[in-house]
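There are 2 protein chains.
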Amino acid sequence: MTTPTAVLLVVGNEVLSAKVEDANGPWLARRLRELGVQLLAIHTLPDELDEIAGMIERERRRATWVLTSGGVGPTHDDVTVCAVARALGLPIARCGPLADAIRALHASRHGGEEAPEAALRMADVPEGTRLVGDAGYPTLVVENVVMLPGVPQFFRWQFERFAPTLASAPFRLASLYLSAGETEIAPILDGIARAHPEVAIGSYPRFDDADHRVRITIESKDRSRVEAAVAALLAALPAGAVLRSEGP
Amino acid sequence: MTTPTAVLLVVGNEVLSAKVEDANGPWLARRLRELGVQLLAIHTLPDELDEIAGMIERERRRATWVLTSGGVGPTHDDVTVCAVARALGLPIARCGPLADAIRALHASRHGGEEAPEAALRMADVPEGTRLVGDAGYPTLVVENVVMLPGVPQFFRWQFERFAPTLASAPFRLASLYLSAGETEIAPILDGIARAHPEVAIGSYPRFDDADHRVRITIESKDRSRVEAAVAALLAALPAGAVLRSEGP
Chain A
0 MTTPTAVLLV VGNEVLSAKV EDANGPWLAR RLRELGVQLL AIHTLPDELD EIAGMIERER
60 RRATWVLTSG GVGPTHDDVT VCAVARALGL PIARCGPLAD AIRALHASRH GGEEAPEAAL
120 RMADVPEGTR LVGDAGYPTL VVENVVMLPG VPQFFRWQFE RFAPTLASAP FRLASLYLSA
180 GETEIAPILD GIARAHPEVA IGSYPRFDDA DHRVRITIES KDRSRVEAAV AALLAALPAG
240 AVLRSEGP
Chain B
0 MTTPTAVLLV VGNEVLSAKV EDANGPWLAR RLRELGVQLL AIHTLPDELD EIAGMIERER
60 RRATWVLTSG GVGPTHDDVT VCAVARALGL PIARCGPLAD AIRALHASRH GGEEAPEAAL
120 RMADVPEGTR LVGDAGYPTL VVENVVMLPG VPQFFRWQFE RFAPTLASAP FRLASLYLSA
180 GETEIAPILD GIARAHPEVA IGSYPRFDDA DHRVRITIES KDRSRVEAAV AALLAALPAG
240 AVLRSEGP
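Residue numbers (numbering that gives the first Met the number 0), protein chains in the order written: chain A, 0 to 247; chain B, 0 to 247.
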């Protein structure tokens, strides 16, 4: 059972300069988790062709999928599509079916009016780009790179159309909520983490007025491994330290 | 007038696996903007020593400051401090004044009790780490790397103590709100962006029921350059396309 992996590139000066707060990263992290896909990294980058191309080239070698958010519009600051072409060593060419989809969308929104050249430039994509989806604006996929728009409602809609291709077996998650602090349990956690390297164990302290001081998470795609690590933790932690548990 | 730059590394499996939504990235983007610091990138990475060290090594060569968020606690999944040491080629050593601060904090929180070894391990930091701030837990800075905790209230508090060191001249921002769509104005924007390469021009379309269809932003540290680009845009855009303007 191989776990598919993904890397997200959030492209946009507007996020780095705090004009817009990115909503696509947190949303995609949740959806990929639900789909059993491991998110390896999120890189938020400016509208710089070289930087985006370099990161795509680097990340697509190790990840099953690289997804990009933003930079696919018709203006001078939309450079993602060119960056993907450069990263993949592919020429840019006008895609006939995509140009047709843009013409149809433009006509339906502007009372039958012909799409201007600036709109049709959005049909200039890396050669070999696949168009996923029948209705509306298609999702653009080339090799293992998925180019999604930055506007959240379009990002989600285009992602969901591609989601079935990514889906894998679900993760199994257990949580222990502790009354003890992190420094008290750190040596125990170290030992259990070393003895169970195939499960991901996280330790998250709280410093607010929550009913617990630490949440321990134990996670894997193999339920029996999660259960074994939870049993080992429950046996090793001091009596009374565990307030309650959840899962897997 | 050189603009200081920064890169943020958000460290944590919990963000990538959607157990926690990162609040430090958006907050820091706003604060750095207010301080006149250009944020070059945000990288959200897992608790993997090699990956974090590699990214720090790479980014600290080009950025004035690299800031890290998270991974500074006492448990097995806290690897940021080791990653910083590796990236900088520095040994880890116990820092006496930091150990004293941890002992004092622990005693004040636990009725005079001696700090356990797991807590004192948080005083093992890259050799040469500077402790910034007099009261409470100090902010840890080594060369051009600032190591901040992931818990948002501590992240903000420790950052603010270091903020005066980063501060620079403010950015000047103007905005034009347009009734025209992006494809109509794309060729005009292209021309203005080429003619004014020293200002950052952004184009942000709206597809909801906002009163405008596109917001154009024009930004630089030099107010007169922003004003010149705004004047050029106002002269080039079709009559009636601009609903209102703000700034610089």
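For each residue, glycine too, the CB sits at the ideal point set by N, CA and C.
Sort Arg108/A, Ile184/A and Ala162/A by Cα distance to Ala234/A and report the nearest one.
Ile184/A
Name the residues in the segment 14 to 30 of chain A whose C-beta lies less than 8 Å from a C-beta of chain B; which are they?
Val14, Leu15, Ser16, Ala17, Lys18, Val19, Glu20, Asp21, Gly24, Pro25, Ala28 and Arg29
Where the alpha helix (DSSP H) containing Val198/B begins and where it ends:
Element bounds for Val198/B: n/a, residue is neither H nor E.
Near Leu242/B, which residues of its chain fall below 8 Å by C-beta distance, leaving aside the five closest residues on each side in sequence?
If we look at Leu242/B and ignore the five residues flanking it on each side, its Cβ neighbours are Tyr176, Leu177, Ser178, Asp210 and His211.
Closest by C-alpha distance to Thr182/A, when choosing among Gln37/B, His105/B and Gly95/B
His105/B
Residues bridged to Leu38/A [DSSP beta-bridge criterion]:
Ala5/A
By how many angstroms is the C-alpha of Arg59/A removed from the C-alpha of Gly88/A?
Rounded to whole angstroms, Gly88/A to Arg59/A spans 13 Å at the Cα level.
For Ser174/A: DSSP bridge partner residues:
Among the bridge pairs identified by DSSP, Ser174/A is matched with Thr216/A and Glu245/A.
For a test of the three-state rule: what should DSSP assign to Asp123/A, helix, strand or coil?
Here DSSP, grouped into helix, strand and coil, assigns Asp123/A to strand.
In whole angstroms, what separates the C-alpha of Leu39/B from that of Ser223/A?
43 Å
Do Ile51/A and Ala82/A have their CB atoms nearer than 8 Å?
yes
Suppose you measure from the CA of Ile187/A to the CA of Gln152/A; what does that come to, to the nearest Å?
45 Å
Compute the distance between the beta-carbons of Ser174/B and Thr216/B, then report whether it is under 8 Å.
If you check the CB distance, Ser174/B and Thr216/B come in under 8 Å.
CB contact check: Arg93/B to chain A, cutoff 8 Å:
no
If you compare alpha carbons, which of Gly201/B, Val225/B and Gly70/B is closest to Ala17/A?
Gly201/B
So does the segment 153 to 164 of chain B actually touch the segment 114 to 126 of chain B, counting three or more Cβ pairs closer than 8 Å?
no
Output yes or no for whether 8 Å exceeds the beta carbon distance between Gly72/B and Gly11/B.
No; because the gap between Cβ atoms is not below 8 Å, this pair is not in contact.
Find out if the Cβ-Cβ distance for the pair Pro196/A, Gly35/A is shorter than 8 Å.
Taking 8 Å as the Cβ cut-off, Pro196/A and Gly35/A do not qualify as a contacting pair.
Members of the segment 104 to 116 of chain A that neighbour chain B once the beta carbon cut-off is set at 7 Å:
From the segment 104 to 116 of chain A, only Pro115 have a Cβ closer than 7 Å to chain B.
I need the straight-line Cα distance from Pro247/A to Ala228/A, nearest angstrom please.
Their Cα atoms are separated by approximately 11 Å.
Under 7 Å from the C-beta of Arg32/B: neighbouring residues of chain A:
Ser16 and Ala17
By the criterion of Cβ-Cβ separation under 8 Å, what are the contact partners of Phe206/A in chain B?
Val150, Gln152 and Phe153
Residues near Ser75/A in its chain [Cβ-Cβ closer than 6 Å; skip 5 each side]:
First, the amino acid is wrong: residue 75/A is His here, not Ser. Within the same chain, His75/A has no close Cβ partners at all.
Which residue from Ile55/A, Ala231/A and Arg30/A puts its Cα closest to that of Ala84/A?
Taking only the C-alpha atoms, the option nearest Ala84/A is Ile55/A.
Assigned secondary structure, Leu147/B (DSSP; H/G/I helix, E/B strand, else coil):
For Leu147/B, the secondary structure class from DSSP, reduced to helix, strand or coil, is strand.
Interface residues of chain A facing Glu197/B [CB-CB closer than 8 Å]
Within chain A, no residue comes near Glu197/B; the closest Cβ sits about 15 Å away, beyond 8 Å.
For Leu139/A, report the span of its beta strand (DSSP E) as first-last.
Thr138 to Val141
Could you name each continuous beta strand (DSSP E) segment of 3 residues or more that falls completely within the segment 55 to 91 of chain B, going from the start of the chain to the end?
64 to 68
Span separating the alpha-carbon of Val140/A from that of Arg61/A:
17 Å
Which of helix, strand or coil DSSP assigns to Leu31/A
helix
If I measure Cβ to Cβ from Thr138/A and keep anything under 6 Å in the same chain, skipping five residues before and after, which residues do I get?
Val131, Gly132, Gln157, Arg160 and Phe161
In this structure, does DSSP put Arg160/B in helix, strand or coil?
Under the three-state reduction of DSSP output, Arg160/B falls in the helix class.
From Val150/B, Tyr203/B and Thr2/B, residue whose alpha carbon lies closest to that of Thr63/B:
Thr2/B
DSSP bridge partner residues for Leu232/B (one or two, in chain order):
Answer is none; Leu232/B lacks a bridge partner.
Is there a Cβ from chain B that is less than 8 Å from the Cβ of Pro237/A?
no
Whole angstroms is fine: what's the gap from Val9/A's alpha carbon to Arg214/A's?
29 Å
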